[in-house]
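For reference, the structure is listed below as structure tokens.
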Amino acid sequence: MKTAVSLLLVALVSLSLSFCQAAKPAGKAEAKAPQQAGNQPEKAQEQAAVPPFANDDIPVIDSHLHPISEIEQMPEFLKGMQDTRIKAVNLVCIPGREKGTLLNLVALCCKAELPKRAYVFGGLLYDVPGGSAEEMDPAFQARQLWEAGCDGIKMIETKPTSWKRMKHRVDSEFYEKYFQFLEEKQMPLVWHVADPWTYWQNPPPAYVKTGYGSGDFPPADQIYGEVDHVMTRHPRLKVIFAHMYNMCFDIDRFTRFMERWPNVNVDLAPGSTQYVDMSKNPRAWREFFIRFQDRICFGTDNGPVTDPDVKEFRIQRRFLNTNDEFTGMRSDQVFRGLGLARPVLEKIYQKNFERIAGATPRPINAAGVKRLSEQMRKYVEASTARAELEAQLKKIDAILIH
Ligand SMILES: [Zn+2]
């Protein structure tokens, strides 16, 4: 059983190292620290620290939620979704090797269970055993995901830790047809670029050994430059840059970026610093939010279960909804809220994402999902974990293919 101390530790770690920010291989199936510990008295104690606040009744679309990694976790996912304050979720997939190969299909199973409430942004596979060059082509994969009924794509290739492992840069020929396809279909993209600037200058503990400033990683500006090349070639890309484009350290630069690319959107999935950075100048950020109120989407970076009562979730909402000054998980984290008006909040919590990804999730396409499953079967058969993956795929097929 968890002690109060360990629960606090879990909360601390989970706030400071949220999903896409943590120093771990993007390809691995990820599991976030269990926020829903199932220990009600301790949970109630945690919640007591966040008082009720205005406009907390607005239902939310979580545009950045990581899906369950195994089909066995489905009951846990569905239980979290019983909360009616969660209008819908967008399951952003970071597939990888072994079990991670099946992640897009697992997320589509969640959509099959909740067709009106689960969007799926699939992710690309790289160098999977059994995959030909044609099958590893990003454009081929994007089409396959689109035809299966995915709503968009999630990219983490330009997070520095991922960037280092990639053979091809995003502005290279390798991705050209892929971005063309996304632009043509207006298939939206949730895209993680760079990381909080502190990771280069004053890295958090998980990054100390590999510190971005060590010379092993590209400067943030190099990565931002590659993304600029893509945007220049594909200005109609329907993109949501995750974590406020990791640019909350410089509001003027961020504003210029938003002005330059009027199609660009951003999400509010917390990194380790964005909310603290914004709290340093809430008046200026309030103006930013009002000015770009049509282009900001709420997201939590939680996974795999959503819960509007977890403290992080409530900190994010209190920050947006109120003018309160309050401390976060650590005493040195002071948040100063933006106190946004209800019509602005409704856009951020729901309407913007619905405009970008559709008022309801795309339906699963039976033929397309069958092709995707057959594709994955080929990789499963070439995998060293074949028996385990075949068992997973059998359960997946039972849900997706009738
Ligand atoms: Zn994430």
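Sequential numbering of the sequence shown, starting at 695, is according to our numbering. No residue lacks a Cβ here, since even glycine has one placed at the ideal position from N, Cα and C. No experiment lies behind these values; they were computed from the predicted model shown.
Notebook entry, point to check: What separation, rounded to the nearest whole angstrom, lies between the Cα atoms of lysine 1041 and alanine 1079?
Noted result: Reading the sequence shown from its first residue, position 347 is the one you call residue 1041. Reading the sequence shown from its first residue, position 385 is the one you call residue 1079. Distance between the alpha carbons of lysine 1041 and alanine 1079 is about 44 Å.
Notebook entry, point to check: Got a sec? Which residues, its chain only, sit under 7 Å from phenylalanine 986 by beta carbon, not counting five neighbours each side?
Noted result: Position 292 of the sequence shown, counting from 1, holds the residue named residue 986. Once the five neighbours on either side are set aside, the close Cβ partners of phenylalanine 986 are Met952.
Check: Identify the residues that DSSP records as bridge partners of glycine 816: which are they?
Finding: Position 122 of the sequence shown, counted from the start, is the residue given in the question as residue 816. The partner list for glycine 816 (beta bridge, DSSP) reads Ile847.
Notebook entry, point to check: Would you report the Cα separation of alanine 836 and isoleucine 755, rounded to the nearest angstrom?
Noted result: As a working mapping, residue 836 is identified with position 142 in the sequence shown. As a working mapping, residue 755 is identified with position 61 in the sequence shown. The alpha-carbon atoms of alanine 836 and isoleucine 755 are separated by roughly 24 Å.
Item checked: alanine 1051 CB to nearest heavy atom of ligand 1 below 7 Å -> Stepping through the sequence shown from its first residue, residue 1051 is reached at position 357. Every heavy atom of ligand 1 is 7 Å or more from the Cβ of alanine 1051, so no.
Next item on the list: Could you check the C-alpha separation between alanine 717 and methionine 941 for me, to the nearest Å?
Entry: Here residue 717 corresponds to residue number 23 of the sequence shown, with the count starting at 1. Here residue 941 corresponds to residue number 247 of the sequence shown, with the count starting at 1. For alanine 717, the predicted model reports a pLDDT of 33, less than 50, meaning its position is unreliable; a value from the coordinates is still stated below. Going from the Cα of alanine 717 to the Cα of methionine 941 covers about 19 Å.
Checklist line | DSSP state of histidine 1096 mapped onto helix, strand, coil | finding: Sequence index remark: in the sequence shown, residue 1096 carries index 402 (1-based). Here histidine 1096 sits in coil by DSSP.
Notebook entry, point to check: Nearest to histidine 760 by alpha carbon, out of Cys787, Lys810, Met849?
Noted result: Start at 1 with the first residue of the sequence shown, and residue 760 comes out as number 66. Considering only alpha carbons, the answer is Cys787.
Note to self: Taking the alpha helix (DSSP H) that tryptophan 885 belongs to, which residues open and close that run?
What the structure shows: Numbered from its first residue, the sequence shown carries residue 885 at position 191. First-last for tryptophan 885: 883 to 887, but that is the beta strand (DSSP E), not the alpha helix (DSSP H).
Item checked: isoleucine 934 - partner residues in DSSP beta bridges -> Here residue 934 refers to the residue found at position 240 when the sequence shown is read from its first residue. DSSP, once it has assigned bridges, lists Val884, Asn959 as partnering isoleucine 934.
Check: Any idea what DSSP makes of lysine 1088, helix, strand or coil?
Finding: By 1-based counting over the sequence shown, the position of residue 1088 is 394. The answer is helix: DSSP assigns lysine 1088 an H, G or I state.
Check: Going by C-alpha distance, which of Leu883, Val744, Ile765, Arg859 is nearest leucine 799?
Finding: In the sequence shown, the residue the question calls residue 799 occupies position 105. The option with the nearest alpha carbon to leucine 799 is Ile765.
Check: In the structure shown, what three-state DSSP assignment does valine 970 receive?
Finding: Here residue 970 refers to the residue found at position 276 when the sequence shown is read from its first residue. Looking at valine 970 - three-state DSSP - the assignment turns out to be helix.
Checklist line | arginine 1056 - DSSP class collapsed to helix/strand/coil | finding: Position 362 of the sequence shown, counted from the start, is the residue given in the question as residue 1056. Note: arginine 1056 maps to coil in three-state DSSP.
Note to self: Residues in the same chain with beta-carbon distance under 6 Å from lysine 688, minus the five sequence neighbours each way, listed in chain order, please.
What the structure shows: Any property of residue 688 remains undetermined from this structure, which presents the chain solely from 695 to 1096.
Notebook entry, point to check: When you compare only the Cα positions, how much space is there between methionine 972 and alanine 1076?
Noted result: Taking the sequence shown and counting its residues from 1, one reaches residue 972 at position 278. Taking the sequence shown and counting its residues from 1, one reaches residue 1076 at position 382. For methionine 972 and alanine 1076, the distance between alpha carbons rounds to 48 Å.
Next item on the list: Can you have a look at lysine 974 and say buried or exposed, based on whether 16 or more other CB atoms are within 10 angstroms of its CB?
Entry: As a position in the sequence shown, residue 974 is number 280, starting the count at 1. Result: exposed.
Check: Any heavy atom of ligand 1 closer than 7 Å to the CB of alanine 936?
Finding: Taking the sequence shown and counting its residues from 1, the one referred to as residue 936 is at position 242. Yes.
Next item on the list: Mind the definition here: the segment 961 to 968 touches the segment 908 to 928 only if three or more C-beta pairs lie below 8 Å; say whether that holds.
Entry: no
Check: Does any heavy atom of ligand 1 sit closer than 7 Å to the C-beta of valine 786?
Finding: The residue you call residue 786 lines up with position 92 of the sequence shown. Yes - ligand 1 has a heavy atom lying nearer than 7 Å to the Cβ of valine 786.
Margin query: I need the DSSP call for histidine 923, collapsed to helix, strand or coil.
Written below: Along the sequence shown, read from residue 1 onward, the residue named residue 923 stands at position 229. Reduced to three states, the DSSP call for histidine 923 is helix.
Next item on the list: Examine ligand 1 and report whether any of its heavy atoms sits within less than 7 Å of the Cβ of aspartate 995.
Entry: Here residue 995 refers to the residue found at position 301 when the sequence shown is read from its first residue. Because some heavy atom of ligand 1 lies under 7 Å away, the Cβ of aspartate 995 counts as near it: yes.
Check: Does ligand 1 have a heavy atom nearer than 7 Å to the CB of alanine 1060?
Finding: Working through the sequence shown from its first residue, we reach residue 1060 at position 366. No, the Cβ of alanine 1060 stays beyond 7 Å of every heavy atom of ligand 1.
Next item on the list: Decide yes or no for the touch test of the segment 884 to 898 against the segment 841 to 857: beta carbon pairs closer than 8 Å, at least 3 of them.
Entry: yes
Next item on the list: Just mark threonine 778 as buried or exposed, buried being the case when its beta carbon has 16 or more other beta carbons within 10 Å.
Entry: Looking up residue 778 in the sequence shown gives position 84. Result: exposed.
Notebook entry, point to check: So is the beta-carbon of alanine 888 under 7 Å away from any non-hydrogen atom of ligand 1?
Noted result: To locate residue 888, count along the sequence shown from 1; it is residue 194. Not under cutoff, so the answer is no.
Checklist line | Alpha-carbon spacing of valine 864 relative to lysine 932, whole angstroms | finding: As a position in the sequence shown, residue 864 is number 170, starting the count at 1. As a position in the sequence shown, residue 932 is number 238, starting the count at 1. Between valine 864 and lysine 932, the C-alpha separation is close to 16 Å.
Note to self: Do asparagine 784 and leucine 1039 have their beta-carbon atoms positioned less than 8 Å apart in this structure?
What the structure shows: Taking the first residue of the sequence shown as position 1, residue 1039 is located at position 345. Taking the first residue of the sequence shown as position 1, residue 784 is located at position 90. Result no, Cβ atoms of leucine 1039 and asparagine 784 do not sit closer than 8 Å.
Item checked: Collapsed DSSP secondary structure at phenylalanine 943 in the structure displayed -> One-based indexing of the sequence shown puts residue 943 at position 249. Coil at phenylalanine 943, not helix or strand.
Note to self: Please state the DSSP three-state secondary structure of arginine 954.
What the structure shows: To locate residue 954, count along the sequence shown from 1; it is residue 260. Note: arginine 954 maps to helix in three-state DSSP.
Checklist line | asparagine 959 versus Asp944, Thr994, Ala1051, Gly794, residue with shortest Cα-Cα distance | finding: Within the sequence shown, numbered from 1, the residue matching residue 959 stands at position 265. For asparagine 959, the nearest C-alpha among the options comes from Ala1051.
Checklist line | From Lys861, Phe815, Glu828, Ala827, residue whose alpha carbon lies closest to that of tryptophan 840 | finding: Here residue 840 corresponds to residue number 146 of the sequence shown, with the count starting at 1. Closest option to tryptophan 840, Cα to Cα, is Phe815.
Item checked: Endpoints, beta strand (DSSP E) assigned at valine 1028 -> The residue you call residue 1028 lines up with position 334 of the sequence shown. Start and end: 1028 to 1030.
Notebook entry, point to check: Which one of Ala1092, Pro956, Val887, Pro789 has the shortest CA to CA distance from arginine 989?
Noted result: Locating residue 989 in the sequence shown gives position 295, where the first residue counts as 1. The shortest C-alpha separation from arginine 989 is found at Pro956.
Checklist line | Proximity below 8 Å, CB of leucine 1021 to CB of phenylalanine 982 | finding: Here residue 1021 refers to the residue found at position 327 when the sequence shown is read from its first residue. Here residue 982 refers to the residue found at position 288 when the sequence shown is read from its first residue. As written in the sequence, residue 1021 is threonine, which differs from the leucine given in the question. Not in contact: threonine 1021 and phenylalanine 982 (Cβ atoms no closer than 8 Å).
Item checked: Assumed close pair phenylalanine 1007, aspartate 1001 - CB separation to whole angstroms, cut-off 8 Å -> Position 313 of the sequence shown, counted from the first residue, corresponds to residue 1007. Position 307 of the sequence shown, counted from the first residue, corresponds to residue 1001. Phenylalanine 1007 to aspartate 1001, Cβ: 7 Å. Contact.
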